[in-house]
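Numbering (our numbering), first residue to last: 54 to 186. Data first, discussion second: the structure below is written as structure tokens.
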Ligand code: SF4
Ligand code: SF4
């Protein structure tokens, strides 16, 4: 659990919506013969309203521990609104879920590193970024 940010996991689903974890990759390969790629949405991610649900973790408390579910958020993404950028992990749980709802609705844009790396104002950013339009 990250001690850097004040809130525990908000079950917003941002991380799993952006890329599958190691266990998702192993499960997809083992059970379905499918190779999941970085940057694609995890196929085991579901939503109940605004709350993310991890299919494998729902079936196994041991997997919950292994996946870090319910622990801190260390997602390395930034919410950018004009000149202001905020670490996604530091957001209040309600704000995280609101951002993800907007991403899922197509109302905000998720930019990959390659899209913004040449922008001088954003050079200090190191991972993907959510831009609030
Ligand atoms: S709060 Fe962080 S760790 Fe939890 S689901 Fe959202 S992005 Fe993932
Ligand atoms: S398996 Fe669960 S924790 Fe891993 S990426 Fe998918 S939804 Fe997230």
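The beta-carbon is built from N, C-alpha and C at its ideal position, and this holds for glycine as well.
For residue 99, the distance from the CB to the nearest heavy atom of ligand 1 is not below 7 Å. Nearest C-alpha to residue 100 among 82, 140 and 69: 69. For residue 114, no beta strand (DSSP E) segment is defined; the enclosing uninterrupted segment is the alpha helix (DSSP H) at 114-120. If you check the C-beta of residue 69 against ligand 2, you find a heavy atom less than 7 Å away. Below 8 Å, too few C-beta pairs join the segment 134-148 and the segment 80-91 to call them touching: fewer than three.
Distances between the C-beta of residue 128 and the heavy atoms of ligand 1 include at least one below 7 Å. At a threshold of 7 Å, residue 80 does not count as near ligand 1, since its beta carbon sits no closer than that to any of the ligand's heavy atoms.
For residue 100, the pairing in a beta bridge is given by DSSP as 105. If you draw a straight line from the Cα of residue 163 to the Cα of residue 130, it comes to about 9 Å.
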